[in-house]
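A.B. asks: Input: one structure, supplied below.
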Amino acid sequence: MGLQQATPEYLDQCRAAQRAEQEQSLASTNNWAHVDKPQAHADFDAFYKELAPLIDANEPASPTIQALMAKHFAIVSRFYVPSREAYVGTALFYADNAEMKAFHNTYHPRLVEFLGGAVYAYAQQNLV
Numbered sequence: 295m296g297l298q299q300a301t302p303e304y305l306d307q308c309r310a311a312q313r314a315e316q317e318q319s320l321a322s323t324n325n326w327a328h329v330d331k332p333q334a335h336a337d338f339d340a341f342y343k344e345l346a347p348l349i350d351a352n353e354p355a356s357p358t359i360q361a362l363m364a365k366h367f368a369i370v371s372r373f374y375v376p377s378r379e380a381y382v383g384t385a386l387f388y389a390d391n392a393e394m395k396a397f398h399n400t401y402h403p404r405l406v407e408f409l410g411g412a413v414y415a416y417a418q419q420n421l422v
């Protein structure tokens, strides 16, 4: 089962988990004062540049992509370690927020859609 087959209720649960966990983390860490944000952004940029050329030849749940997703999760986890649902919610946020979607899709026109499937697969296989 992929992200497209997830129920609307589950997706709403993921969105709510992402919002709640992020808000709690922001409040308890002085807006992520512990994070080297320029380095995190540089690492996201490098990750997206590594992922984008693989999109057209791979499925989101493929072993090649899933091996890369550990990098994405590690970068996200510098801010806070999300639950399975919050991590899926992060991918949904990229798709739901017009600015985030436009930014991410500059790397590849289907990056947000593909990343959603890859995050979902990674979360289901690796997170509790």
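With the sequence shown counted from 1, adding 294 to any position gets you the numbering used here. From the three backbone atoms N, C-alpha and C, an ideal C-beta is built for every residue, glycine too. Remember, predicted model here, so these are calculated numbers, not experimental data.
1. Here's the rule I'm using: 16 or more other beta-carbon atoms within 10 Å means buried, otherwise exposed. How should residue 422 be labelled?
2. For my contact list, residue 338 and residue 359 are in at a C-beta cut-off of 8 Å; report their separation, rounded to the angstrom.
3. Go to residue 409, then tell me how far its alpha helix (DSSP H) extends in each direction, as first and last residue.
4. With contact counted as at least three CB pairs below 8 Å, one residue from each stretch, are the region 304-312 and the region 383-391 in contact?
5. So does the region 397-416 actually touch the region 339-347, counting three or more Cβ pairs closer than 8 Å?
6. Considering only residues of the same chain and omitting the five flanking positions on each side of residue 319, which have a CB-CB separation below 8 Å?
C.D. replies: In this structure, then:
1. exposed
2. That pair is no contact at about 16 Å.
3. 405-420
4. Touching, per the Cβ criterion.
5. yes
6. In its chain, beyond the 5 residues on either side, 326, 373, 374 have a beta carbon closer than 8 Å to the beta carbon of residue 319.
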